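Protein sequence lines correspond, in order, to chains A and B. Residue numbers for the first sequence follow this note's numbering, beginning at 1001 and rising by one. Residue numbers for the second sequence follow this note's numbering, beginning at 3 and rising by one. Positions of the beta carbon are idealized from the N, C-alpha and C atoms, including for glycine. These numbers were taken from a predicted model, which means no experiment stands behind them. Reading through the C-alpha cells given below for one structure.
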Amino acid sequence: MPTTAAPVRSGSLDQLLAAKEIVVSCGSGGVGKTTLAAAAATMAAVRQGGKVLVVTVDPAKRLANALGVEGIGNEETRVPTAAFSDAGITPRGELWAAMLDTKQSWDALVRRHAPNDRTASEILANPLYQNVSGRFVQSHDYIAMERLYEIHNKGIYDLIVVDTPPSRNAIDFLEAPERMADFFSSRLLRWLIVPYRSRVVNFASRPFYQVADRILGTQFLQDIAEFFMLFQTMYDGFVKRANAVERLLHERRTTFMVVSTLEAAPLREAEQFIEVMSAKGFHLGAVVLNKVLPDYMRSDRSAEVAGRLRARSDELSEALAPGLAAPAQIHRVLDELAESFLNFQVVACREAEQQAELAVTPEVVASVPYFDTDIYDLAGLVRLGERIWS
Amino acid sequence: MPADILERKLLFVTGKGGVGKTTVASSLALLAANRGKRTLLCEIDAKGAIADALETGRTRFQPTEVHPRLWAMSMDTEASLREYLRLNLRVPVVGRIGPIARAFEFVATAAPGVREILVVGKLCYEVRERNWDLVVVDAPPTGHVIGELAAPQAINDLVSIGPVRQQTGWMLDILSDPFLTGLCIVATPEEMPVNETIELAARVRSETSVSLAAIVVNRVLPELFGRGEEAVFDALAEPDRAAALAKAVDGDVQPVLDGAGLAVTLRRTGATHLERLRAQVDSAVPLLYVPYLFARSHGLRATRQVAEALSAELGY
Chain A
1001 MPTTAAPVRS GSLDQLLAAK EIVVSCGSGG VGKTTLAAAA ATMAAVRQGG KVLVVTVDPA
1061 KRLANALGVE GIGNEETRVP TAAFSDAGIT PRGELWAAML DTKQSWDALV RRHAPNDRTA
1121 SEILANPLYQ NVSGRFVQSH DYIAMERLYE IHNKGIYDLI VVDTPPSRNA IDFLEAPERM
1181 ADFFSSRLLR WLIVPYRSRV VNFASRPFYQ VADRILGTQF LQDIAEFFML FQTMYDGFVK
1241 RANAVERLLH ERRTTFMVVS TLEAAPLREA EQFIEVMSAK GFHLGAVVLN KVLPDYMRSD
1301 RSAEVAGRLR ARSDELSEAL APGLAAPAQI HRVLDELAES FLNFQVVACR EAEQQAELAV
1361 TPEVVASVPY FDTDIYDLAG LVRLGERIWS
Chain B
3 MPADILERKL LFVTGKGGVG KTTVASSLAL LAANRGKRTL LCEIDAKGAI ADALETGRTR
63 FQPTEVHPRL WAMSMDTEAS LREYLRLNLR VPVVGRIGPI ARAFEFVATA APGVREILVV
123 GKLCYEVRER NWDLVVVDAP PTGHVIGELA APQAINDLVS IGPVRQQTGW MLDILSDPFL
183 TGLCIVATPE EMPVNETIEL AARVRSETSV SLAAIVVNRV LPELFGRGEE AVFDALAEPD
243 RAAALAKAVD GDVQPVLDGA GLAVTLRRTG ATHLERLRAQ VDSAVPLLYV PYLFARSHGL
303 RATRQVAEAL SAELGY
C-alpha cells in the first residue's frame, strides 16, 4: 500500500548497521521487536554481506517462523541459501540465527564457572537450582547478554543483532549484569552461606533472622544456604563476566534500536527506556515506530472528500447504479468507506501527535506501515527491511 | 464452571504486552461495580496503569474507593509482608520494616515463588475474608503470569512444614475452585497475541490449577462491507468509476478508497487469526469481543466504552 517511510533524521539504518558490530533490539511486548531484529539482520546479510547473526530469546518461536526455518535452537544455525532463492533473493552474505534456550544456557554457564566437574554436577542436580534457573534474577535478561558476549568474543560474525527478552520492563535488560554482580556480592548472601549453627549464634538477636526462620522454616533456609554455598564457588567468574558484559554494551561498536508502536503504553515505556539509556551512557542508534498508519490518512483534503462522498451519497448512488447494483447498496458502501476513512483519520492524527511528542534525537527514526499480511518468510522480512533501510 | 465470569470471586486478567490488558481489567471491575458488586481492582506491576485507565490519583496498597463500589489498590510486596507478619505470625512490627523487607526481597529474588506468594497470598486472603464480592487483578503479562499462579504449588512442594505450608494449602483451595477463581486472557486479532493466547491457555491447564474463565478479544475492527457489498466497493474503485466519483465530489477519492481497502485488509487478516483462536482453545471458554475504539485509546472514556461492550457481550 502506498506510504512513505523515509527516516526524518540524517542517518540511516543502512549506515548504522554498516558501522556497528552489535545491535540490540528493545521495546515493550507486542511491538514487533523480534520481527524488526530479524528484518534488520536479513537486510544486512542481503545488502552488506558478511556473516550476520540474529539471536532471539523469544519463547514464541517467532523468529524461526519469520525466517521460514524450522527448529532454530540454542546453537547458531545458518539460514539455508535455498530459503533465500525460494524468496527470489540472492544475498551477498550469510544469515545465521539462534534461539536462546535459557535453561541450556544456564547449565552451560554453570559448567564453565564451576571450579570442578563435581561441583557443577551438584549445582545442576540441586532441586532449588532446577526450579530457579528459569527465573533466577531476571535470568532471561542476563543469559541473553551473557550469550551475546560469548558469541561476540569468538569473533565469527561481522554483525550480531540481538532481540531482547520479553521483560516486565525493558529497563530490566540494561540492569541485569549490574544486578547479577550485586547479587553475588551482597551481605545477605554471605550470611546465608555461613553454616547454620554459627549463623544462629551470631545473628540470633536480630529480628530478620528470627522472622525468616519463622516464615520460611529452618529447613528451607538450610536448602537455600546449601544452594548458595555451591553457587558461591562461581562468584569470581560471574562477577567478572557480568562486568565484561556491561562494558561491551557500552562500547562504541554496540548500539540500541528501540522499537515501539504509537499506542500510549508502549510509547511511554519506550520513552522511559530511552531516558534511562541516555543516563547510563548507552548508544541510542535508532527508534523504529511500527504499525504506523499511512500519511495519506491524515490529509484534511481527503477528509473533506470523504465528507462530501457521504453527504452526496444519495445522488451518487443513483447515478452509479446502472449496471452496478441497487442504489441502496451503493449508498451504504459509500457511507461505510467515507465513515471508515474518517475513523482512521482520527487514529492517524493521534499517532502523528504522539510521534511528535517522542522528544528524542537518535540518529535514525524510521516508521513502518501496517502490512497487509503478517510477516512469515524471508521475502516478507526483506519487504519490511526495505521500509526502514535508507 | 459458572456461566458468568463476574460471578467468581477472584479474576486474574492477563495478556501479551500492549493488548489493552489494564483497560480490560479496569472495565471488568467497573462493570461489576455498576452491577452492584463491591469490587476491588488490584494492580500488580505498580506502573500506574490503573490510575490512567480510571483517571484517579495514584493507587496505593491501602484500597481507595475510586468509583461507587469500586476500590483500587496496587500491590506492594513490602506492605504485603508487613500485613502478613501482623496477621499471621503476630510478630511485632515496630517502626520501619525496610531492612527486613530488603533482606526478604533478596530471598524472594533467589528463592522461587517467594515474592509471588506474597502477592497471590494477599489476593486469596481478601477472598477468604469475604471482604469483596469480586477481586479483579491486573496481572503480569502472559510470560510471567504462570509463575504467579503456580507459585503456591511450587512453594507447597518445596516447603514441607510450617506456617507457609499451611498458607499455601488454603491458597490452593481458593485458586483451584473454578467457582471462586478464574483467569481471563486478553488478546487482539493479531498473529502474536493469538499465538501467545493459545500457548498460555494450554500452559494454564497443564501447569496450574486455575480455570480459564474467558478470552477477551480487544480492538476488533468493524466489518466494513456486508454480503455482496465488497464487490460493489471493488467496482467503485475501478478507474472509470473512481474518476466519476472524483468529478462528482470535486477531489481526489483515491486516498479514501485506499483507506477503505486497508481497513478491509486489516479486518480480514484479523478474522483469520480469530478463527485460529476459536479452533484451538477449549470451546467451553467464551470469547468476548470488544470493538476497536477510534476516538480514544485510553483513559476513563475508553474504559467505560470497553465496559459497555463487555456488558453487551455478557448479555446484561
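- For V1258(A), the closest C-alpha among the options D1236(A), H1283(A), K1240(A) is that of H1283(A).
- Using a CB distance cut-off of 7 Å, Q1329(A) counts as an interface residue toward chain B.
- When the beta-carbon positions are compared, L1063(A) and T1056(A) come within less than 7 Å of each other.
- In this structure, L1249(A) is the residue among F1227(A), L1249(A), A1242(A), A1108(A) with its C-alpha nearest to the C-alpha of V1162(A).
- Residue contact with chain A for A309(B): absent (no Cβ-Cβ distance below 7 Å to any residue of chain A).
- Chain-order list of chain A residues neighbouring S211(B): empty, with the shortest C-beta distance near 18 Å, by a criterion of under 9 Å.
- Of the residues assessed, P143(B) falls on the buried side of the cut-off, its CB having 16 or more other CB atoms within 10 angstroms.
- Within chain B, the C-beta atoms nearer than 9 Å to that of L1316(A) come from A246, L247, A250, V251, in chain order.
- In the structure shown, T1255(A) adopts extended strand secondary structure according to DSSP, grouped into three states.
- Assignment of R1092(A) by DSSP, reduced to helix, strand and coil, places it in the coil class.
- Under the DSSP assignment, A152(B) falls in the alpha helix (DSSP H) whose first and last residues are 144 to 160.
- A distance below 8 Å between beta-carbons, with the five flanking residues on each side excluded, links R62(B) to the following residues of its chain, in chain order: M75, S76, D78.
- Taking a C-beta cut-off of 7 Å against chain B, the contacting residues of the region 1224 to 1240 of chain A are I1224, listed in chain order.
- H1140(A) carries a helical assignment under DSSP once its states are collapsed to helix, strand and coil.
- Boundaries cannot be given for Y1296(A), as no beta strand (DSSP E) includes it and DSSP labels it neither H nor E.
- Close to S1105(A), with beta-carbon spacing below 7 Å, lies no residue of chain B; the smallest spacing is near 17 Å.
- When rounded, the separation of the alpha-carbon atoms in G1385(A) and P1091(A) is 13 Å.
- For the pair E1094(A) and A1144(A), the Cα-to-Cα distance works out to about 22 Å.
- Secondary structure of S1085(A) (DSSP, three-state): helix.
- Within the same chain, Cβ atoms closer than 7 Å to the Cβ of E128(B) are found at L42, W134, V137, the five residues on either side in sequence being excluded.
- Setting aside the 5 residues that flank it on each side, P293(B) is surrounded in the same chain by V222, P224, A311, each with a C-beta closer than 7 Å to its C-beta; the list follows chain order.
- Partner residues in the beta bridge of T1077(A), as assigned by DSSP, are A1097(A).
- Put simply, the backbone Cα of G1285(A) is about 7 Å away from that of L1016(A).
- With fewer than 16 other Cβ atoms from the protein chains shown falling within 10 Å of its own Cβ, G317(B) counts as exposed.
- Per the coordinates, the alpha-carbon of F1084(A) lies some 51 Å from the alpha-carbon of A5(B).
- Beta-bridge pairing by DSSP links P293(B) to V222(B).
- For A1018(A), the closest of F1238(A), L1159(A), N1153(A) by C-alpha to C-alpha distance is L1159(A).
- A distance below 7 Å separates the beta carbons of V1054(A) and A1041(A).
- Take G50(B), set aside five residues on each side of it, and the residues of its chain with a beta-carbon closer than 7 Å to its own are R60, in chain order.
- A Cβ-Cβ separation of about 4 Å places L1262(A) in contact with E1351(A) under the 8 Å criterion.
- In the structure shown, M75(B) falls within a strand segment according to DSSP collapsed to helix, strand and coil.
- For T16(B), the enclosing beta strand (DSSP E) has its first and last residue at 12 to 17.
- Counted as a single uninterrupted DSSP element, the beta strand (DSSP E) harbouring K1051(A) occupies residues 1051 to 1056.
- Interface criterion not met: the Cβ of F14(B) is under 7 Å from no Cβ in chain A.
- If you check the CB distance, A1244(A) and A1181(A) do not come in under 7 Å.
- The region 251 to 263 of chain B makes no contact with the region 141 to 156 of chain B: fewer than 3 CB pairs, one atom from each, lie closer than 8 Å.
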